[in-house]
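Chains A and B supply the protein sequences, listed in that same order. Be aware that the first sequence starts at 43, since it is given in the working numbering, and climbs by one per residue. Be aware that the second sequence starts at 2, since it is given in the working numbering, and climbs by one per residue. These notes are about the structure you will find just below.
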Amino acid sequence: MTNLTLTPALALGDDALVLSHRLGEWAGNAPVLEEEVALANIALDLLGQARILLSLAGDEDELAYLREERQFRNLQLVEQPNGDFAHTIARQLYFSVYQQLLFDHLATGGTELAPLAAKAVKETSYHRDHAEQWTLRLGDGTDESHTRMQRGLDALWRFTGELFEPVDGLDAPWAALHDEWTTRITALLERATLTLPQGPQRGAWTAGGGRQGLHTEPFGRMLAEMQHLHRSHPGASW
Amino acid sequence: MVTTTALTALEEKLLAAAGSVPDPELPVLTLAELGVLRGLRLASPDRVEVQLTPTYTGCPAIEAMSADIERVLHEHGIPEVEVRTVLSPPWTTDAITAEGRRKLAAFGIAPPRPAGPAGGPVTVDLTIRCPHCGSTDTTLLSRFSSTACKALRRCETCREPFDHFKEL
């Protein structure tokens with residue numbers, strides 16, 4: 043685990059791994075069976091991405107199970123706890139629109155990430171569609187669902203600025219992606235009778251972000267759960 | 002997409018054998034009908050290399066497919082079999098053969114329509130025919146079903162729920 047440098051594969055692989063784990067936490071807890079299955083399927087797609095990306099960066103299992111919190115390079119957005127269903131949908135919306143835009147760009151480039159991006163972007167379209175349909179339904183639903191959806195969007199807004207901060211070694215038109223992301227989110231929230239959050243897209247207290255290995259408090263607890271079995275039984279298989 | 006150079010008679014035979022392996026999750030389809038076999042090459046008389054592409058990035062069936070291909074080719078007298086996973090170009094539901102589509106429908110799974118451009122908008126409300134009664138009056142229940150590659154729908158005519166192999 044020495045010589046760990048931030049590579050684009052590590053950053054994007056960690057995004058996929060951490061969000062996959064968070065979505066997996068819905069198993070047994072989702073509001074309806076169909077959503078249990080949907081969230082698990084999205085988690086599975088993300089886990090597939092993580093395995094390929096982390097294998098480009100090193101040994102996938104060592105990277106997933108034996109790193110400390112500060113060595114993870116994922117965005118703070120994806121490590122945020124699930125909250126209620128609307129909160130999870132807000133996180134899915136912000137992330138899947140970002141991921142589709144970024145992977146669309148990477149798919150046409152000549153980097154080692156291109157084959158994975160070209161494949162994953164098709165799956166990401168379904169993730170985005172799922173998040174958009176639910177945002178519309180909850181936003182334009184009952185007073186209660188509207189309130190909760192807006193609350194989720196507002197609470198996660200301060201983690202969205204980090205999505206478009208340049209990643210070392212990853213050549214992408216970050217400002218243009220950010221503009222396009224804002225345009226799409228704005229249009230969707232309008233259709234859903236929701237309001238685009240107005241606050242800063244970064245917490246005033248942050249001394250850096252996930253890409254630098256600085257994470258929010260809930261992430262440590264998530265990692266403890268995710269890594270517990272592997273660390274307690276090194277080398278175990280089944 | 003299968004190979005760029007012509008196959009020898011033996012390679013043809015081995016490719017047919019590998020292609021006849023049933024999909025572990027949809028056993029009505031063979032790997033050839035699913036369109037996931039990308040190539041086969043006899044590297045030496047004892048060694049064959051097979052290229053396999055996953056349907057979905059996280060599809061857990063890929064490991065069972067690899068093991069089944071190895072077993073079948075061992076049975077055809079090849080001691081060394083290497084199955085490599087290739088991602089590019091990405092698999093699409095357009096790679097499912099006409100016979101594969103017919104078998105899916107007969108099995109009760111609505112086959113995929115022609116896929117749109119990668120990353121494009123996902124169309125969710127075009128007509129999908131009920132595989133049980135043939136009605137076109139069907140509605141989407143969930144974009145994700147028993148596996149990532151299927152959506153769950155219901156027929157409004159015969160009231161039966163069914164899986165739809167969604168376009169990718």
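C-beta atoms are modelled at their ideal positions from N, C-alpha and C, and glycine is treated no differently.
Query                                                                                                                                                                                                         : Result
So with Cβ pairs under 8 Å, would you call serine 67 of chain B a contact of chain A?                                                                                                                         : no
Is proline 91 of chain B close to chain A? Criterion is C-beta to C-beta, closer than 8 Å.                                                                                                                    : yes
Using a Cβ-Cβ distance cut-off of 8 Å, determine whether isoleucine 227 of chain A contacts chain B.                                                                                                          : no
Span of the beta strand (DSSP E) holding glutamine 52 of chain B?                                                                                                                                             : 48–53
Does DSSP put leucine 88 of chain B in a helix, a strand or coil?                                                                                                                                             : coil
Just how far apart, CA to CA, sit leucine 219 of chain A and valine 60 of chain A?                                                                                                                            : 22 Å
Out of B:Arg39, B:Asp47 and B:Cys159, point me to the one whose CA is closest to proline 55 of chain B's CA.                                                                                                  : B:Arg39
Give a yes or no on whether the C-beta atoms belonging to leucine 231 of chain A and threonine 237 of chain A are separated by under 8 Å.                                                                     : yes
Applying a beta-carbon distance threshold of less than 7 Å, which residues of chain B neighbour glycine 151 of chain A?                                                                                       : Correct list: empty, because the minimum Cβ distance to chain B is about 13 Å.
Which full runs of the alpha helix (DSSP H) of 4+ residues lie inside the segment 117–180 of chain A, going along the chain?                                                                                  : 118–121 and 127–149
Please report the straight-line C-alpha distance between isoleucine 94 of chain A and serine 67 of chain B, rounded to a whole angstrom.                                                                      : 17 Å
Whose CA, out of A:Phe201, A:Gln240 and A:Asp103, lies closest to the CA of arginine 253 of chain A?                                                                                                          : A:Phe201
Taking C-beta pairs closer than 9 Å, name the residues in chain A that threonine 140 of chain B reaches, listed in chain order.                                                                               : Within chain A, no residue comes near threonine 140 of chain B; the closest Cβ sits about 13 Å away, beyond 9 Å.
Identify, in the order they occur along the chain, each residue of the same chain with its Cβ nearer than 8 Å to the Cβ of aspartate 192 of chain A, setting aside the five sequence neighbours on each side. : For the sequence presented, residue 192 of chain A should be read as glutamine rather than aspartate. So the list reads Gly181, Leu236 and Thr237, once near-sequence residues are dropped.
With a threshold of 8 Å between beta carbons, is histidine 129 of chain A in contact with chain B?                                                                                                            : no
Spell out whether any CB of chain B is found under 8 Å from the CB atom of alanine 162 of chain A.                                                                                                            : yes
Below 8 Å between beta carbons: does that hold for glutamate 207 of chain A and glycine 245 of chain A?                                                                                                       : no
Where does the unbroken alpha helix (DSSP H) through threonine 189 of chain A begin, and where does it stop?                                                                                                  : 185–198
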